[in-house]
Amino acid sequence: MSLPGNAVSASASARRSESVLRFDRWAASYELSQLQTVLYGRVHDAVLRYARRHVPDPGTILDVGCGTGRLPARLVSSYGRAHVVGIDASAGMIRQAVTAPVLHRTGFAASVAEQMPFADAVFDLVVATLSVSHWGDRATGLAEISRVMAPGATLVVADICPVRPLRPMTGWARPGKCRRPGELPVLIAASGLRVEHVEPIRAVASIADTALVAARTSRTGLAARADTGDSGSGQGNEWRRCDVEPRPFGPYGRRRRGWVLAQGNIYPCRI
4 MSLPGNAVSA SASARRSESV LRFDRWAASY ELSQLQTVLY GRVHDAVLRY
54 ARRHVPDPGT ILDVGCGTGR LPARLVSSYG RAHVVGIDAS AGMIRQAVTA
104 PVLHRTGFAA SVAEQMPFAD AVFDLVVATL SVSHWGDRAT GLAEISRVMA
154 PGATLVVADI CPVRPLRPMT GWARPGKCRR PGELPVLIAA SGLRVEHVEP
204 IRAVASIADT ALVAARTSRT GLAARADTGD SGSGQGNEWR RCDVEPRPFG
254 PYGRRRRGWV LAQGNIYPCR I
């Protein structure tokens, strides 16, 4: 019998299984895909820029949804002393990662985001690029990430996020995908993390509406949240206030650079 809160729903499991099988089949030719250049590589660039600027010297790094290990390889090159672990639900992707040229200070494991084989509070930096939308249960996966993050650790997520609400019949609006602007930052805040930054990844705007979201744990970590009775609901996660009235989320305008989280919605505003 499955325990409430410890397992994803049957429908979510089915979606995850379908996604995993698709990536297993793709694994052998994944590195040859044109998406490596026009999408994945550019998203990795954005995540690495933010991480290097805001997390200068992490000891341990986790890549959730690492694929064939491209981003872990770049993280090892960027951080001279860090140990990098990559996990992916696709065993085929992990087989490709571990057979790549050997990189010291890296490790890989086949694991789903919703149930990771790590102790609490062990990673200083966690990244997830274009993988959250493939998880069977995003809320559970983000809660697991929050659990394994050390006090003061940073999460950097990049994923598909629409700039306007999607109609129910559109492909990106199927279950598991972000349907509304600001949905991903709100989910991250609900996991107990403090959202600190949101920005569109303009380098891939012609291909997909993609956003980078960065969040951080408290300096005291999970124990303090338990002691204070913080349920991780995202209350009080108001950030980057604008000095003008926020406008509803719309197409990214040239001068729209500020962001505000208010009443569970993300708004851009002019600064």
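If you read the sequence shown in the numbering used here, its first letter stands for residue 4, the second for the next number, and so on. Using N, Cα and C, we set each Cβ at its ideal position, and we do this for glycine too.
Can you round the beta-carbon distance between residue i and residue j to whole angstroms, since I take them to be within the 8 Å contact cut?
i, j, result
"V115", "M152", "17 Å between Cβ atoms; not a contact."
"D127", "G62", "5 Å"
"V207", "V46", "6 Å"
"I210", "L42", "5 Å"
When burial is assigned at 16 or more other CB atoms within 10 Å of the CB, is residue i buried or exposed?
i, result
"R28", "exposed"
"P75", "buried"
"Q118", "exposed"
"P203", "buried"
"F111", "buried"
"L215", "buried"
Tell me which residue opens and which closes the beta strand (DSSP E) that residue i is part of.
i, result
"D212", "Element bounds for D212: n/a, residue is neither H nor E."
"H137", "First-last for H137: undefined, no H or E at that position."
"D66", "T63 to V67"
Give the DSSP-derived three-state secondary structure of residue i in the structure shown.
i, result
"G155", "strand"
"L225", "The predicted position of L225 is uncertain, since its pLDDT is 49 and thus under 50; no value can be drawn from it."
"V129", "strand"
"V160", "strand"
"G323", "This structure leaves residue 323 out entirely; the chain is present only between 4 and 274."
"E20", "According to the sequence provided, residue 20 is Ser. The question's Glu does not apply to it. S20: helix per DSSP, three-state reduction."
"F121", "coil"
"D27", "helix"
Opposite residue i in the DSSP bridges: which residues?
i, result
"G110", "V88"
"H200", "A217"
Could you check where the alpha helix (DSSP H) with residue i kicks off and where it finishes?
i, result
"I191", "E186 to A193"
"A100", "A94 to V101"
"G44", "G44 to H57"
For the ligand ADP, any of its heavy atoms closer than 8 Å to the Cβ of residue i?
i, result
"C164", "The model on display carries no ligand, and the ligand ADP is accordingly not part of it."
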